[in-house]
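Participant: Dumping the structure here so I can ask a few things about it.
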Amino acid sequence: MKILDEIREYNVRLNYRELNDLVTRINNRVNTQVNQGTGRIPLMYFNKEKAFLCSQPADTIRKPYQIATHTAKVNHSSMFQYNGCQYSVPPEYVGKNVSLQIYDGYIHVYYSTYFITIHMISKKKLNYHNEHYTAIARKSHAFKDENIADRAKKILKR
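This is the structure:
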């Protein structure tokens, strides 16, 4: 906590480069002092242990485990595009950029870190979830409220 308090003392007076320099100075100072818990100097033991650390596996091994993130903008129809096909999201995301993570044949859709929905990757041009279609129709006021859910089910069965 003392380190965070030391950084907070500067509050907003530092730009990114100055903040980076401050953190580097604090890091160097703390790593060359005797640690209260172990009674040892961390930097001395890091140099000894460094020889026993393994390097990261080759990129060819790591690559299959990394999930690529794509971004897409939600259009006025509450749809985003991926590989020439459109997929639905709730209407409150219209005009916003969403993050897409594609794995196991599904598109996982996020706004910031909030999970929105999941779609199975499809060759169909338009891919709706029933609840998204209903919300979009409600927002457009195209149908009476009592008919929206029934119409959505009929249309999406096609």
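Just so we're aligned, residue 79 is where the sequence shown starts under this note's numbering, counting upward by one. Here a beta-carbon is modelled for each residue, glycine too, at the ideal position from N, C-alpha and C. None of the values given here were measured: they were computed from a predicted structure.
(1) Helix, strand or coil: which one does DSSP assign to isoleucine 214?
(2) From the DSSP output, in three-state form, read off isoleucine 180 for me.
(3) Among the candidates Lys141, Ser166, Tyr143, whose CA atom is the shortest distance from the CA of asparagine 153?
(4) Just to confirm before moving on: does the CB-CB distance between valine 112 and isoleucine 104 stay below 8 Å?
(5) Pick from Ile196, Glu84, Val101, Asp228: whose alpha carbon is nearest that of threonine 179?
(6) Can you say whether valine 176 is buried or exposed, counting buried as having 16 or more other CB atoms within 10 angstroms of its CB?
(7) What is the residue span of the beta strand (DSSP E) that glycine 158 lies within?
(8) Name the two residues that bound the continuous beta strand (DSSP E) containing lysine 151.
(9) Please tell me whether threonine 110 and leucine 92 are closer than 8 Å, where the distance is taken between their beta carbons.
(10) Using the three-state DSSP reduction, which class does tyrosine 206 fall into: helix, strand or coil?
(11) With DSSP run on the structure shown, which of helix, strand or coil describes valine 187?
Facilitator: Judging by the given coordinates:
(1) helix
(2) strand
(3) Ser166
(4) no
(5) According to the sequence displayed, residue 179 carries glutamine and not threonine. Out of Ile196, Glu84, Val101, Asp228, Ile196 has the C-alpha closest to the C-alpha of glutamine 179.
(6) buried
(7) Per the sequence shown, residue 158 should be read as phenylalanine rather than glycine. Counting along the chain, the beta strand (DSSP E) containing phenylalanine 158 begins and ends at 157-160.
(8) 147-151
(9) no
(10) coil
(11) strand
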